Structures are given as C-alpha cells and as structure tokens.
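Residue 671 is where the sequence shown ends in UniProt numbering, and the numbering goes up by one at each step.
Notes follow the structure.
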Amino acid sequence: MAQQRLKRGTLGAVQKLASGGQGVVYPAPGVQMAHAKTLVFKEYKSPVLPNIRVDVLENMPSYLESLPFAEGMELLKRAAWPCRLVEEDHSTTVLGFVMPAIPDEFFIDMVTVAGTRRVTAEFQHLLNDDVYLAKRGIPLTDRARYELLGDAAEALALLHRHHIAVGDLSPKNLLFSLRPDRRVYFIDCDAMRMRSQSVSDQFETPDWDVRTVSAGEELATPQSDAYKFALLVLRLLAGHQSTRDPDRLPAGVPAAVRQLVRTGLSAPVGQRPRPADWRQALDAAAAGAGTRTPVRPRVVPPGTTPPLPRARGRTPWWQRVPLRAWVIGAIAAVVVVAGLLTSTTSSEDDPPVAGGSLPVAAAPATVTTTIPVGAQPWGVAADTETATVFATNSVSNTVSAYDTETGATASITSPDFAKPTAIAVDSAAGLAYVTNAGNGSVSVIRTRDRTVVGQIAVGAGPYGIAVNPAGRTAYVTNFEAGTMSVIDLRSRAVVATIPVGSRPYGVAFDPATRSVFVAIAGAPESVDRRVAVVDAAARSVVTSIRVGNQPWGVAVDTGTDTAYVTNHADGTVSVIDTRTRAVTATVPVGSGPVGVAVDRASRTVFVTNHGLDNVRSGNSVSLIDTRNNVTTQTIRVGARPHGIAVDPAAGQVYVSNFNDGSMSVLGNRGK
Numbered sequence: 001m002a003q004q005r006l007k008r009g010t011l012g013a014v015q016k017l018a019s020g021g022q023g024v025v026y027p028a029p030g031v032q033m034a035h036a037k038t039l040v041f042k043e044y045k046s047p048v049l050p051n052i053r054v055d056v057l058e059n060m061p062s063y064l065e066s067l068p069f070a071e072g073m074e075l076l077k078r079a080a081w082p083c084r085l086v087e088e089d090h091s092t093t094v095l096g097f098v099m100p101a102i103p104d105e106f107f108i109d110m111v112t113v114a115g116t117r118r119v120t121a122e123f124q125h126l127l128n129d130d131v132y133l134a135k136r137g138i139p140l141t142d143r144a145r146y147e148l149l150g151d152a153a154e155a156l157a158l159l160h161r162h163h164i165a166v167g168d169l170s171p172k173n174l175l176f177s178l179r180p181d182r183r184v185y186f187i188d189c190d191a192m193r194m195r196s197q198s199v200s201d202q203f204e205t206p207d208w209d210v211r212t213v214s215a216g217e218e219l220a221t222p223q224s225d226a227y228k229f230a231l232l233v234l235r236l237l238a239g240h241q242s243t244r245d246p247d248r249l250p251a252g253v254p255a256a257v258r259q260l261v262r263t264g265l266s267a268p269v270g271q272r273p274r275p276a277d278w279r280q281a282l283d284a285a286a287a288g289a290g291t292r293t294p295v296r297p298r299v300v301p302p303g304t305t306p307p308l309p310r311a312r313g314r315t316p317w318w319q320r321v322p323l324r325a326w327v328i329g330a331i332a333a334v335v336v337v338a339g340l341l342t343s344t345t346s347s348e349d350d351p352p353v354a355g356g357s358l359p360v361a362a363a364p365a366t367v368t369t370t371i372p373v374g375a376q377p378w379g380v381a382a383d384t385e386t387a388t389v390f391a392t393n394s395v396s397n398t399v400s401a402y403d404t405e406t407g408a409t410a411s412i413t414s415p416d417f418a419k420p421t422a423i424a425v426d427s428a429a430g431l432a433y434v435t436n437a438g439n440g441s442v443s444v445i446r447t448r449d450r451t452v453v454g455q456i457a458v459g460a461g462p463y464g465i466a467v468n469p470a471g472r473t474a475y476v477t478n479f480e481a482g483t484m485s486v487i488d489l490r491s492r493a494v495v496a497t498i499p500v501g502s503r504p505y506g507v508a509f510d511p512a513t514r515s516v517f518v519a520i521a522g523a524p525e526s527v528d529r530r531v532a533v534v535d536a537a538a539r540s541v542v543t544s545i546r547v548g549n550q551p552w553g554v555a556v557d558t559g560t561d562t563a564y565v566t567n568h569a570d571g572t573v574s575v576i577d578t579r580t581r582a583v584t585a586t587v588p589v590g591s592g593p594v595g596v597a598v599d600r601a602s603r604t605v606f607v608t609n610h611g612l613d614n615v616r617s618g619n620s621v622s623l624i625d626t627r628n629n630v631t632t633q634t635i636r637v638g639a640r641p642h643g644i645a646v647d648p649a650a651g652q653v654y655v656s657n658f659n660d661g662s663m664s665v666l667g668n669r670g671k
C-alpha cells in the first residue's frame, strides 16, 4: 500500500548539507517519525528524475512501514533506508525522499593539510596498510578488523533476509564506527535492489565489479553481494585498495578465513559463501586476534620485487599535531592525473551530515619545507605504494624522486627524456608515465627501482596525461598537434588519436561518466574558453563546456561528480557538474592559475597561482572549500608554482616551483 507522501514545503528550512551525482541532501527539521529521531531529505537532481522508477522507490518506505516496529528499527540501525517520499507542493511529482541522518558514531575528526574536519567514516579509508593507518591516527587493530567484517556480514545477512541486495557493495557505500563498538552502516540505499526491482539502473564501482570475473552475471543479487563481500574481506585484511589476489593476505590470517576468501572470489555463481557462512570464522579470528595496533610489512605477491627499503626519517608534521582521526580519501577506481593536476575519486554521493554534526574549525596550512629538485620543475605526482613523490624537470631533462619517509631525493635520468613535463602514476601497476614535450613521446618508469623501461610515441608537444588504471588506458594531450592520444597500457601502443581543439593542455579521466575532460587553452591570437568532453568508449568529442579565459588545468572529484578547471587569464576556477556538464560556480583565486588538485578527504581543492607573463604576481597556492566553493586560504610558495599533487599517504601537498628549481611541501604545523 502506498504511503502518504510529504510535501516539499513541510520539511522546514532549506540548507544544503551535501551534494553528489544523483542528488542534494538537506535537513528536514519539519518531519518527525517514530522510526527515526533526525531525518534528512535527498532531492534528486533534475537530469536524474526521469530515470527514477517512482513505483519501486515508493515500495521501500512502504515495506519499512509493513514491518513490526522492532524489525523496522533493526533495519534502520543498519542502513539509511528511505522513510517517506517527497513531492512538489503543488503537484504529485516526486522529488526525492526523507531518510535517517547518519548517526554521530559514524563520523570521525580528521586532520588534513587544510585542517581538522569532522567527516563521515567511509570504509574505504581503512583499505590501506598499517603504516598509513598509523600516520592517520586510526586505531585499527587486527581484532577490530575482524569485528567490523563480522558486523558487516551480519548486516548483509539481515538485508538478504529482507530480500534486499546491496548491488554496488563497495567501501564508498559503507561507513564504519570503532567506538564504542565496531559497527558498519550502509548508505545510498535507494541504489539497492529489493525483491528483484531497482529504483534506477544498476552500476558497479570500478575495481569492485563482479563482471570482471563473471562476465554477464546478473547485478545486484545476493550472489554478486557474496563476491564483493569476499573482496571487502581481502582488501581490509590486506590493507590494499584494489587487489583481487588472496596471496596478499597477511600470514596471520586464519586458514578458515583464508579459504572463505579464496572460495568467495573463485567459486561459480551459486557456490559462493553467504554472509552467514562467514560469522563463525570471523568471530573465531576476532577472539584470537591482537588488540594492539600492528605495523606489519607490506605483503608482496610471488614473482614481484619488493619496493626499495625504507629507513626511519624525520618526524613527519602530522605527528607534531594533536592526532584526532587521520583518514585520507583513497581511490575506488584510482585515477592519478598529474603534471598540471592530481585527481582523486571516491564515493558517488556525499553522505548527509548527521543532525548537529558540524565541521571542526580548520587550522591553517603552511609550507613546512622546500626541497631542491632540478631546473624548471613542471609536473608532480605522488606514488603511495613506494612512498615517493616524482617531479619532472623540464630543463634538466631528469625526474626527481623524493622519498616521503626518509626525506632523500634521487634523480632519474634517461636519454629518452626531452623536456619532461606531465607525469601520472599507476600505483597498482608500479609504473609512472612521463610526457616528453621535446620529442613527442611518453616515457615509462618502473617505480620500485626507478628505471625507465619503455617509451611510447605520441603527438607533438605532449603536456598533459591522465591514467585510467582500471581500463589500462592513458590519455595524452598533444599541445602543438591539437589532438589527444589514447594509449593501451598493456601493449604500450597508441590506439586512437582524437582531434580536440587548439592547444589542449590539462586532462582528467572521470570513471563515473566514462568521460575525459580536456582543457583547451587556445592560441594567443584565438583565445579559447572551453573544455572538450571526450566519450572514452566512442573515442570522440561529444560536447564542449564554456568556461573562463585560457583554461589550463583540470581535475575531477568523482566523490561529488565535479570537475575543477583553472582559467589562467581570468584568475578563476570553473566548477563543473560532470554529469550535467554545466558550470555551477566560478571561484576567484590568484593570478594566472595553472595546476589544480583535489583532496577528497579534506574537501579541499588546491590551485597553483603561477602568475601571468606580464604581471610579476602569483607565487601562491589557493585553497578552495568544495562544500561552498569559497577560497579559504592563500599560501605563499616559491616562484612560478606550476604542478601540484596531493599525497594521501604522507598527508601532504607538493608544489613544483618552476623558476626556483624547488618543490614546496604544504602541511599543517599545529602545536
């Protein structure tokens, strides 16, 4: 039976809490329900509404109301389930629904280079090694790992008993709590499938897709959930974002858990362990696990060479500040875009803020150190796997490799280097890709031993590169040729050359929309004001977006379905909705912005203000708060800052200073 719907005007004051790809979340103070103390309203964006099956969506709150009160409360304890549909005040058009606000226990105080903020405790933050977690101040013991997985198995079993399949089961849709108890909480419930019906088309988060191993398998079933749960167990215990290799499990993982992981990932559909099958093994593992935070060596699969050994270095800046709860937004489908930018990705929708939970005041970031590199450094990229930051030196024809743990800097040389400019790292593959603007090529560096292992011919004047690790593809902008080269990273061959416009520069790949965003700088005599959007599958330009004067850098944050474009001649940053492909804001920054990088964890965009050729200004980095698109801080750095990269493992930001031959490190000094 359909429930009585709520009218939009009855919800109370309108104040945006969060925005994602599908909708915008607002508080709903005017609504009270027996099932939930505090509710929020998710309003679908206009382009999304035609794809929403309202009858299926209405079944969700109706099902909740049909349950005995205790069972309904148990479901809401586990998930932010839709409680009532909301329609327009003067029509029956459905706009969205109200749901419980996220409980306070699923928030953490997180310290970042932009300061301390209170953010949702997304499960993806835990899929990192012990050294990373220790630096972030996350007290994740071995016992806590097993207890979280046991609670996740119990929650998933409960959903399956209600004929609900999560479908897109990934750490972007799962929150965690470590205090007072180890618990999990599901969000984005309208994307789930109930009784074989979906509110909208099912999709899978890159690197969490079941069809990689079972082509054509039906999505959003208990069996697809079973596969993804085994993947979650593997990645949490291994401390790795993207592995599917059970050999990465630490030696101390009990045999029963190890066997369940192998069976869950390799068994045919119908024979995978159900969530309930995991409980005994996980409970036993938790009972026997340690309660002290471990620091274990990284597990390297057979047949690979371990990274270079690490020596103990200086006390990093984050250990000199009060450690709240350190978490850095990691990548579900890691997209590393460097040279002009570094782009990070995360969940599709920002989860709503719980009632009364507000950001903690941010402490100002500052330059903590300056590192000498080569002559006229251009691009910057961070490799979390080897704890290295790479900087391309366009005049020295070298690449500097800075060890973030020891503070040592080494120089990579090769006769193939010819004005090395942009650089992108594929940490999972252990490779870095460097564009050589001087000879129209891309050099391939093996990151573990810093050896050049290949060279790929592209177009004239390559200045930008973006890598899609999941698709094993790279996109290179050829500035002088007005084209973009598409490289198959398996064969290291150019498989397509796409005309994109005059002087393409910055480039970023968006896995959510399978699109490539290219900043078209334009010739001085013919200024361009657009970003070309390329369909990655069709390999053709599908549209252009008008932005500011001389767009140079571009970075994508799939956590909010947003792209950020630096407009060099205007001193602004254009904010683009990557799904609607519309400019939603224009943010003033400093003089001559070029590089741009997104830190998903602190909800901050970092922009290098290089300065204009005829104005001796710039020499700074602007920080933009992504929640309100306001510049919150400007930091003085070296002369003519150009490239920029966020290093999630070190919790720092690195800036190449073109005229100084140096790299500035941004952090938070704290006290």
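All C-beta atoms in this analysis are idealised placements derived from N, C-alpha and C, irrespective of residue type, glycine included.
Just so we're clear, the structure is a prediction, and the values are computed from it rather than from any experiment.
Query, Result
"Buried versus exposed, by CB contacts within 10 Å (16 or more), His642", "buried"
"Cβ-based burial, Thr10 [other Cβ within 10 Å; buried from 16]", "exposed"
"Backbone secondary structure at Ser66 - three-state DSSP", "helix"
"Segments of 4+ residues assigned as alpha helix (DSSP H) that fall wholly inside the region 241-289", "255-266 and 275-288"
"At least 3 beta-carbon pairs within less than 8 Å: the region 88-96 vs the region 137-145", "no"
"Closest residue to Leu232 among Asp209, Val476, Asn397 and Ser66 (Cα-Cα distance)", "Asp209"
"Nearest-angstrom Cβ-Cβ length linking Ile412 and Gly379, presumed shorter than 8 Å", "About 13 Å separates the two Cβ atoms, so there is no contact after all."
"Span separating the alpha-carbon of Asp510 from that of Ala601", "18 Å"
"Within 8 Å, strictly: CB atoms of Leu75 and Glu58", "no"
"Proximity winner among Leu17, Thr388 and Pro551, relative to Thr406 (alpha-carbon distances)", "Thr388"
"Neighbour-count burial assignment, Phe107, 16 or more Cβ in a 10 Å radius", "buried"
"In DSSP terms, what Lys42 is bridged to", "Val25 and Phe97"
"Reference Gln32; option with closest CA among Met99, Asp55, Val25 and Thr604", "Met99"
"Minimum Cβ-Cβ distance from Arg136 to chain D less than 8 Å", "This model lacks chain D altogether; it includes just one protein chain."
"Phe186, enclosing beta strand (DSSP E) - first and last residue", "Arg183 to Phe186"
"Secondary structure of Val637, DSSP reduced to three states", "coil"
"Three-state class that DSSP yields for Ser224 in the structure shown", "helix"
"Given Ser591 as reference, the closest of Asn567, Val605 and Pro50 once Cα atoms are compared", "Asn567"
"Rounded straight-line distance, which links the Cα of Ser170 to that of Ser662", "39 Å"
"Among Ser540, Ala80 and Ala585, the one whose alpha carbon lies nearest that of residue 755", "Residue 755 lies beyond the residue range present for the chain, which begins at 1 and ends at 671; the question has no answer from this structure."
"Which listed residue (Tyr402, Ala474 and Thr435) has its alpha carbon closest to that of Arg450", "Tyr402"
"Nearest-angstrom beta carbon gap, Val518 and Thr477 [assumed within contact, 8 Å]", "6 Å"
"Residue from Val596, Asn628 and Arg627 with nearest C-alpha to Ser620", "Val596"
"Exposed unless 16 or more other CB atoms sit within 10 angstroms - verdict on Thr543", "exposed"
"Residue interval of the alpha helix (DSSP H) (run including Glu147)", "Asp142 to Arg161"
"Lys7 - partner residues in DSSP beta bridges", "Glu87"
"Reduced DSSP secondary structure (H/G/I, E/B, other) of Phe123", "helix"
"Counted within 10 angstroms of its Cβ, other Cβ atoms place residue 685 as buried (16 or more) or exposed", "Within the shown structure, residues of the chain are numbered from 1 to 671, placing residue 685 beyond reach of any answer."
"Beta carbon of Arg654 nearer than 8 Å to that of Val605", "In the sequence as presented, Arg is not what sits at residue 654; that position holds Tyr. Contact: no."
"Phe390 (DSSP reduced to helix, strand or coil)", "strand"
"Inter-stretch contact at 8 Å, needing at least 3 Cβ pairs: the region 215-232 / the region 260-274", "yes"
"CB contact flag (Gly548, Ile520, <8 Å)", "no"
"Three-state secondary structure assigned by DSSP to Arg603", "coil"
"Cross-strand partners of Pro551 (DSSP beta bridge)", "Asn567"
"Residues near Ala36 by beta carbon distance below 7 Å, same chain, minus five either side", "Leu76, Cys83 and Pro100"
"Selected residue, minimal CA-CA separation from Ala238, among Leu39, Val269, Leu126 and Met192", "Leu126"
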